[in-house]
Amino acid sequence: MKQLMPFRIMNKAPSAPKVEDQHWYKITAAVKAEGADEADPAPIEVYVYGEIGGWGISANQFIQDLKAVDDGVSPVVVAFNTNGGDLFEGLAIHNALNRLGERCTGRVDALAASAGSVAVCGAHRVVMASNAILMIHNPYTWAGGDAEELRRVADVLDQAFEVIIAAYKAKAPGIDETELRRMVNDETWLTAQEALELGLADEIGNGLQVRACLEGTAMARYRKTPQALLDQLASNSQPPVDDPATPPGPPAPDPADATALALMITQACAKAGIGNLVEPLIASTKLTSPATVQAALKRAKDVHGLCVAARLPELTADFVTAGLEPDAVRARLFEKVVGSGKGIEIDNSLPPADDEPEKVKAQLPNPSSIWAARRQAANIGARP
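Sequential numbering from 26 applies to the sequence shown in the numbering used here.
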């Protein structure tokens with residue numbers, strides 16, 4: 026009997042976004058608001074800010090951590106700002122929030138996408154910021170194997186689709202199921218008002234200016250990312266305009282252009298075999314213009330070649346992040362190699378004039394040749 030491999034069903038996230046403390050969630054017992062009734066318990070606040078299931082932390086750990094602080098009577102507020110993650114992890118969170126009953130409020134601060142939208146719908150009450158978005162789409166996975174395994178994967182994806190539909194229907198029993206299936210198939214981005222009308226949200230709160238853990242470039246993996254979300258994420262990275270202490274910076278790039286440039290970097294790095302340089306290139310170029318990105322890509326390839334030649338490829342990302350030119354990298358590599366005691370051949374002589382004999386370049390001894398010569402001499406001396 027063939028052993029079939031387990032797999033994860035996810036959204037289209039290629040990598041986990043950077044979040045604080047290597048976690049995608051944070052659970053705290055909040056302090057009571059000033060003037061609150063002393064008899065009322067302080068709420069438990071949970072922040073799901075990152076890719077669900079990322080950093081090797083499972084929903085089971087999330088549930089255990091929540092149980093550790095839950096006294097069974099305090100209200101629980103779960104704030105979401107996530108581009109999704111593992112569907113089954115999201116379902117586990119959905120069910121955990123559902124078990125809290127009326128004590129649980131789900132709050133969408135900016136984005137609850139994919140598995141995040143499934144998770145938040147487990148809360149008894151869902152409050153969306155006026156500028157927040159809920160995204161629903163089909164389950165997605167990567168697969169490989171023979172026909173039997175691929176048919177199994179397709180069957181599981183069909184089952185996962187039905188589970189997603191059931192999760193949304195549990196939150197919004199009155200929703201038209203045919204329309205719901207169409208929206209999931211089409212990858213639908215819902216504003217707070219649209220989610221409210223469908224029953225997937227219960228209240229619209231004030232728009233929040235959050236420091237999103239999501240980047241506009243991270244949304245490039247989706248087909249229908251709304252411009253409003255890209256604008257919001259871009260504005261979060263800009264300093265407040267009414268702060269006189271903050272010097273004015275260069276104008277922000279158009280979010281749509283920034284997304285296209287990030288995609289250009291990703292594809293070019295994949296083609297060149299330097300996928301580990303995508304984030305350093307995005308950080309160093311700030312996605313300001315196609316010319317800047319193209320120049321940075323060429324520079325990164327040159328720097329990568331120098332580091333590989335010096336047998337110090339681990340330094341490539343740091344050099345690219347710093348935006349160093351190849352000449353500067355060459356000098357630093359020389360210092361590294363010389364400081365480590367490794368030999369390196371560098372010819373700094375000028376090219377010979379037409380009427381001068383060409384200089385003979387010095388070469389380092391070849392250890393293999395020396396060893397072979399010694400063995401040969403030893404064999405000759407040992408003969409009778």
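Glycine is no exception: its CB is placed at the ideal position from the N, C-alpha and C atoms. Please read all numbers here as calculations on a predicted model, not as lab measurements.
Going by beta-carbon coordinates alone, are residue i and residue j separated by less than 8 Å?
i	j	result
A84	A154	no
V103	G126	no
G230	V152	yes
L286	V318	yes
A185	V178	no
N210	N156	no
A297	T310	no
A140	L112	yes
K194	E202	yes
I88	W49	no
L358	A335	yes
Going by DSSP, which residues form a beta bridge with residue i?
i	result
W214	M160
V152	R132, E228
K51	Y72
Does DSSP put residue i in a helix, in a strand, or in coil?
i	result
I200	coil
I290	helix
Q263	Caution applies to Q263, whose pLDDT of 49 falls short of 50 and renders its modelled position unreliable; the value that the coordinates give is listed next. Coil.
I299	coil
T346	helix
L336	Correcting the residue type first, residue 336 is Arg in the shown sequence and not Leu. The answer is coil: DSSP assigns R336 none of H, G, I, E or B.
S309	helix
D171	coil
D65	coil
S142	helix
G147	coil
K326	helix
A195	helix
E187	helix
I371	Model confidence at I371 stands at a pLDDT of 39, short of 50, so the residue's coordinates are unreliable and nothing is read from them.
Sorted by chain position, which residues of the same chain lie with C-beta nearer than 7 Å to residue i's C-beta, five sequence neighbours on each side aside?
i	result
T341	L302, V328, H329, C332
H119	V143, A144, C146, G147, A192
T346	P305, A308, S309
L175	A168
E114	I77, G78, S83, A84, A140
G199	G224
D46	Because D46 sits at a pLDDT of 48, beneath the cut-off of 50, its placement in the model cannot be relied upon, and the point is left open.
Could you check whether the Cβ of residue i sits closer than 8 Å to any Cβ belonging to chain B?
i	result
L221	No chain B is part of this structure, which consists of one protein chain only.
Counting only the same chain and skipping the five closest in sequence on each side, list residues whose C-beta sits under 6 Å from that of residue i.
i	result
R128	P100, V101
V354	V328, L331, F344
K51	Y72
A138	N108, G109, M160
I190	none
A294	It is worth fixing the name first, because residue 294 is Cys in this sequence and not Ala. Cβ within range, chain order: G300, L302, V303.
A117	A84
N123	G147
E219	none
A316	none
A121	I88
Among the residues of its own chain, which have a CB less than 8 Å from the CB of residue i, if the five just before and after it don't count?
i	result
V98	P66, R128
I69	I52, T53, A54, A55, L91, V94, D95, S99, P100, V101, V102
D227	R150, V151, V152, L221
P338	H329, C332
P351	R324, D327, V328, L331
- Task: Would you mind listing the beta strand (DSSP E) stretches within the segment 67-139 that are 3+ residues and don't spill past its ends, in chain order?
- Result: Segments of the beta strand (DSSP E) lying fully in the segment 67-139: 69-73, 101-107, 129-138.
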